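Chemist:
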Amino acid sequence: SKRQLLEKVKRFRKFEIFYGFTEREMMEIFGIAQEKSVPEGGLIFSEESRGTQFFIVETGKIKVYRDTPVGELVYREFGPGQFFGEVGLIDNLSRSANALATEPTTLISINRNNLQLLLESQKEMAVKMYWMFWKSLSTNLRNANTMMNKFFATFQEQSKAAKQQDPETEKPSKKQKQEKLSLEKKM
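If you count the sequence shown from 1, you need to add 15 to reach the numbering used here.
Here it is in structure tokens:
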């Protein structure tokens, strides 16, 4: 009903992602949205599942992560007013990670097909929505770069520490090899 849509607009108006949207645009967005409650530990989506919707956190917290051979890799955590899962809307590929509620959470989910139909008819709103997605993707790319830099720095430090602990693992220089060969011939 219109009253329920206005209530959602009022609740979500405070979040930065909606600052540029008019009340009418927000009502149209929430007209295609579904509200979802997720208990602590509840899985929102899993890696390799189809990305057919994106989510906005109203309350609670979400952890987006991937299980790796060396343990869990947390890509990012999301709280009230933040959104996630938009990559699946853009590239229509399988999810690259899992999303889990780390506390009781209320989400708004927006289906890809419904959003696409809405944005095709509302070009101004489409620009705002895609701009929001681009900013998010830029942030995610920067976070990934930071994670890679930290990983490689840690790996490099561990390699150096291992070499210092066990000098036998260091490769001898060409000169050292020649000297060793020369000594062996003399014996």
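Here a beta-carbon is modelled for each residue, glycine too, at the ideal position from N, C-alpha and C.
The model shown is predicted, which means the values in this text are computed figures rather than measured ones.
From W146 to S61, what does the alpha carbon distance come to, in whole angstroms?
Modeler: Within the sequence shown, residue 146 is the residue found at index 131, counting from 1. Within the sequence shown, residue 61 is the residue found at index 46, counting from 1. Computed Cα separation, rounded: 26 Å.
Chemist: In the structure shown, what three-state DSSP assignment does R111 receive?
Modeler: Residue numbering aside, residue 111 sits at position 96 when the sequence shown is read from its first letter. The question names Arg, but residue 111 in the sequence shown is Ser. Three-state DSSP puts S111 in coil, outside helix and strand.
Chemist: F99 CB to nearest chain C CB: under 8 Å?
Modeler: This model lacks chain C altogether; it includes just one protein chain.
Chemist: So, are the CB atoms of A48 and S124 less than 8 Å apart?
Modeler: In the sequence shown, counting from the first residue as 1, residue 48 sits at position 33. In the sequence shown, counting from the first residue as 1, residue 124 sits at position 109. Going by C-beta atoms, A48 is nearer than 8 Å to S124.
Chemist: What separation, rounded to the nearest whole angstrom, lies between the Cα atoms of L21 and M42?
Modeler: Taking the first residue of the sequence shown as 1, we reach residue 21 at position 6. Taking the first residue of the sequence shown as 1, we reach residue 42 at position 27. L21 and M42: Cα-Cα distance of roughly 7 Å.
Chemist: Just to confirm, is the Cβ distance from I77 to A114 under 8 Å?
Modeler: Reading the sequence shown from its first residue, position 62 is the one you call residue 77. Reading the sequence shown from its first residue, position 99 is the one you call residue 114. Closer than 8 Å, so yes.
Chemist: Just verifying my parser: in three-state terms, what is the DSSP assignment at K78?
Modeler: As a first step, residue 78 is located in the sequence shown; it is residue number 63 there, counting from the start. Looking at K78 - three-state DSSP - the assignment turns out to be strand.
Chemist: Do E55 and A141 have their C-beta atoms closer together than 8 Å?
Modeler: What you label residue 55 is simply residue 40 of the sequence shown in a count that begins at 1. What you label residue 141 is simply residue 126 of the sequence shown in a count that begins at 1. Contact flag unset, no.
Chemist: Nearest by alpha-carbon distance to I15: which of Y80, E73 and R81 is it?
Modeler: With the chain covering 16 to 202 only, the question about residue 15 has no answer from this structure.
Chemist: Please report the distance separating the alpha-carbon of E118 from that of G75.
Modeler: As a working note, residue 118 is residue 103 in the sequence shown. As a working note, residue 75 is residue 60 in the sequence shown. For E118 and G75, the distance between alpha carbons rounds to 6 Å.
Chemist: Hey, quick one: how far does the beta strand (DSSP E) through K51 stretch, first residue to last?
Modeler: Your numbering for residue 51 matches position 36 in the sequence shown. Where K51 is concerned, the enclosing beta strand (DSSP E) stretches over A48 to V53.
Chemist: Can you name, in chain order, every residue of its own chain whose Cβ lies under 7 Å from the Cβ of E101, other than the five neighbours on each side?
Modeler: As a position in the sequence shown, residue 101 is number 86, starting the count at 1. Same-chain partners within the cutoff: F69, F148 and S151.
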